[in-house]
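Working notes, structure below.
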Amino acid sequence: MSFLGAAQNVTGSCYLLEIDGRKVLVDCGLYQERAFRYRNWDSFVVPPANLDAVLLTHAHVDHCGLLPKLVREGFRGRIYCTHVTAGITKIALLDAAKLQQEDADFKKKRHRREGRRGPHAEVPLYTTEDAEACLPLFEDVTYGEEVELDKGISASFHNAGHIFGSSMVKVKVRIRGLSRTILFSGDVGRWNKPMLDNPELVDQADYVLVESTYGDRLHSDPGSISDSLAEIVNSTVEAGGNIVVPTFAIERAQEVLYYLNELLISGKIPPLLVLMDSPMAIKVTDVFSDHPELLDRKTRTIIKAGNSPFSFPGLTMVRTTEESKAINAIKGTTMIVAGSGMCTGGRVKHHLVTNISKPQSTILFVGYQAMGTLGRTIVDGAREVRILGQTYPVRARLAQLHGFSAHADREELHRWLSGLKDPPRQTFVVHGEAEAAKRFSGFLRERTGWTVSVPAYKDHVVLN
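If you count by our numbering, then the sequence shown holds residues 144 to 607, one letter each, in order.
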């Protein structure tokens with residue numbers, strides 16, 4: 144097994160299994176941290192044409208975002224994932240390609256104006272055509288179904304409770320009388336979250352890869368989300384400003400709508416114009432609406448009562464660039480839910496330009512901000528930030544709701560691992576900033592007595 148991404152960092156999830164001459168990739172994600180983005184342009188360690196299959200845990204771009212590059216460079220195998228993951232990933236990849244082209248064009252114009260040229264910046268990492276070439280390679284699987292990849296090699300997908308359709312992946316190997324199971328956590332969700340069922344417990348694995356995004360901390364009480372969100376909305380309405388919510392189009396945008404809908408129904412916030420300014424989030428919301436059978440019981444009950452969180456009064460879907468630009472002319476408080484979630488691209492940058500220097504406005508972060516991203520720079524307290532080539536003072540109110548996180552915290556990760564009846568031969572802590580991964584590794588060793596390690600980028604291990 145080789146650790147080709149999300150090893151002592153959060154994004155770029157990618158792990159290679161080499162089994163008796165067969166090569167299987169688990170995830171193929173985009174790097175989003177500024178310090179690691181150059182890796183998106185590196186050649187793949189294994190020629191893509193030599194790969195037999197990709198097992199995809201879920202549709203976040205840090206897990207699927209390099210698939211178009213993989214296919215363009217020769218991959219012709221199957222991409223296995225759940226039906227919903229396949230549908231949302233197709234939306235995500237086409238959106239990512241469009242954003243990369245737009246960003247490349249914008250930077251090209253800016254660099255010409257400034258008389259300089261940046262590395263890679265003027266050419267998109269991949270195009271819409273590259274993304275479209277991926278689509279025929281997807282093969283849907285259902286939760287619990289065992290898919291034979293080759294003789295003696297199979298995989299099954301289990302509900303991770305992280306986002307709609309997300310999975311943890313269990314690979315079983317039975318070769319020459321040897322039987323081993325490798326469990327990839329993907330991103331582990333949380334218990335008792337809105338809309339989704341709880342993460343599934345897996346009772347046996349010889350080797351485990353476990354994420355550690357929040358492995359060094361505990362989340363705040365999710366019950367405080369509604370009260371905190373109500374306070375932020377009400378105080379910003381009173382100040383006469385706007386609320387800009389940089390958000391991930393997949394899951395987080397829909398969860399924000401869920402809580403807003405509850406607050407509006409209960410009368411805890413006044414009627415509010417909520418603008419979902421993300422074509423991708425709108426398409427993903429449509430997927431949620433089309434698959435109510437995959438929502439949890441409470442959400443299905445709310446929808447049956449005619450109070451769908453995806454179509455409440457005041458919610459407006461902003462589809463075109465012209466409609467997005469027109470938001471600036473709206474008088475009174477609006478809540479603008481726009482991507483990208485870490486402020487690395489998309490329409491949210493333009494809304495930040497308009498609002499980040501206004502003391503009456505609020506920038507509300509509802510998701511993880513990776514090191515080196517614009518979002519992280521803002522939440523870390525920068526007094527001024529560079530957006531779209533210009534520098535702006537940060538005067539807006541900053542707010543952050545950690546309870547929204549779709550990632551399990553330290554205790555929840557331990558709860559998931561506790562489903563294993565016997566200690567694994569080895570546990571690898573991945574998908575976390577270096578210090579967080581190391582602290583979680585130490586916590587696991589102390590709590591369980593297991594053999595735990597924190598692999599580095601491009602480390603290789605032999606699984607006996």
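All C-beta atoms, glycine included, are put in the ideal place defined by N, C-alpha and C.
Nothing here was measured: the structure is a model prediction, and the numbers come from that model.
Cα-Cα separation, R180 to D349: As a first step, residue 180 must be located in the sequence shown, where it is residue number 37. As a first step, residue 349 must be located in the sequence shown, where it is residue number 206. Between R180 and D349, the C-alpha separation is close to 33 Å.
Presumed contact (8 Å Cβ cut-off) between K313 and L292, rounded CB distance: Counting from 1 along the sequence shown, the entry for residue 313 is found at position 170. Counting from 1 along the sequence shown, the entry for residue 292 is found at position 149. No, K313 and L292 are not in contact; Cβ-Cβ is about 12 Å, not under 8 Å.
The region 515–523 touching the region 535–546, judged by at least three CB pairs closer than 8 Å: yes
Beta-carbon separation (whole angstroms), T459 vs L416, contact threshold 8 Å: As a position in the sequence shown, residue 459 is number 316, starting the count at 1. As a position in the sequence shown, residue 416 is number 273, starting the count at 1. That pair is a contact at about 7 Å.
CB of H550 within 7 Å of CB of Y357, strictly: Here the question's residue 550 lines up with position 407 in the sequence shown. Here the question's residue 357 lines up with position 214 in the sequence shown. Yes. Within cutoff.
Three-state class that DSSP yields for K411 in the structure shown: The count along the sequence shown starts at 1 and reaches residue 411 at position 268. The answer is coil: DSSP assigns K411 none of H, G, I, E or B.
Member of G304, E289, S156, H201 whose CA lies at the smallest distance from the CA of R333: Counting from one through the sequence shown, the residue named residue 333 turns up at place 190. The residue with the shortest Cα to Cα distance from R333 is G304.
Option nearest D238 by Cα separation, candidates Y269, I445, R182, V189: Here residue 238 corresponds to residue number 95 of the sequence shown, with the count starting at 1. Comparing Cα-Cα distances from D238 to each of Y269, I445, R182, V189, the minimum goes to Y269.
Rounded C-alpha distance that separates G230 from G258: In the sequence shown, residue 230 corresponds to position 87, counting from 1. In the sequence shown, residue 258 corresponds to position 115, counting from 1. Cα-Cα distance, rounded: 42 Å.
Delimiting residues of the beta strand (DSSP E) encompassing F571: Residue 571 sits at position 428 when you count from the first residue of the sequence shown. Run containing F571: 569–573, per the beta strand (DSSP E) assignment.
Residue from R165, Q347, M338 whose Cα sits closest to the Cα of N404: Position 261 of the sequence shown holds residue 404. The shortest C-alpha separation from N404 is found at M338.
E381 versus V537: straight-line alpha-carbon distance, rounded: Numbered from 1 along the sequence shown, position 238 holds the residue referred to as residue 381. Numbered from 1 along the sequence shown, position 394 holds the residue referred to as residue 537. Taking the straight line joining both Cα atoms gives about 20 Å.
Three-state class that DSSP yields for M311 in the structure shown: The residue given as residue 311 occupies position 168 in the sequence shown. If DSSP states are grouped into helix, strand and coil, M311 belongs with the strands.
Unbroken stretches of the alpha helix (DSSP H), 4 residues or longer, contained in the region 506–579: 517–522, 553–560
Cβ contact check for the region 272–279 and the region 194–202: 3 or more pairs under 8 Å: no
Among T390, E398, G410, G383, nearest to I479 - alpha-carbon criterion: As a first step, residue 479 is located in the sequence shown; it is residue number 336 there, counting from the start. The residue with the shortest Cα to Cα distance from I479 is T390.
P674 burial status per 10 Å Cβ neighbour count (16 or more: buried): What is shown of the chain runs 144 to 607, which leaves residue 674 out entirely.
6 Å CB neighbourhood of A274 in its chain, flanking five on each side removed: Within the sequence shown, residue 274 is the residue found at index 131, counting from 1. Only P211, L236, L237, A240 meet the Cβ criterion.
Coil, strand or helix - L210 by DSSP: As a working note, residue 210 is residue 67 in the sequence shown. Looking at L210 - three-state DSSP - the assignment turns out to be helix.
Stretch pair the region 583–600 + the region 552–571: three plus CB contacts closer than 8 Å: yes
Whole-angstrom distance between G148 and R221, CA atom to CA atom: Taking the first residue of the sequence shown as position 1, residue 221 is located at position 78. Taking the first residue of the sequence shown as position 1, residue 148 is located at position 5. So the two alpha carbons sit approximately 20 Å from each other.
Distance between K294 and R610 (C-alpha atoms, nearest Å): The chain is shown from 144 up to 607; residue 610 falls before or after that span and cannot be answered.
Simplified DSSP state of A196, which is helix, strand or coil: Reading the sequence shown from its first residue, position 53 is the one you call residue 196. Three-state DSSP puts A196 in a strand.
Alpha carbon of R255 to alpha carbon of V496, nearest angstrom: Within the sequence shown, residue 255 is the residue found at index 112, counting from 1. Within the sequence shown, residue 496 is the residue found at index 353, counting from 1. Going from the Cα of R255 to the Cα of V496 covers about 22 Å.
Spatial neighbours of Q347 in its chain, beta-carbon cut-off 8 Å, leaving aside the 5 residues before and after: Against the sequence shown, residue 347 aligns to sequence position 204. Hits under 8 Å: T324, L563, K564, D565.
Coil, strand or helix - H493 by DSSP: As a first step, residue 493 is located in the sequence shown; it is residue number 350 there, counting from the start. Three-state DSSP puts H493 in a helix.
Nearest neighbour of S451, chosen from S467, S432, R319, K468 [CA to CA]: Reading the sequence shown from its first residue, position 308 is the one you call residue 451. The option with the nearest alpha carbon to S451 is S432.
For M419 and K468, the rounded distance between their alpha carbons: Locating residue 468 in the sequence shown gives position 325, where the first residue counts as 1. Locating residue 419 in the sequence shown gives position 276, where the first residue counts as 1. When rounded, the distance between both Cα atoms is 13 Å.
G488 beta carbon less than 7 Å from that of S421: For this step, residue 421 is matched to residue 278 along the sequence shown. For this step, residue 488 is matched to residue 345 along the sequence shown. For S421 and G488, no; Cβs fall outside 7 Å.
The region 154–170 / the region 184–198 touching (three or more Cβ pairs under 8 Å): yes
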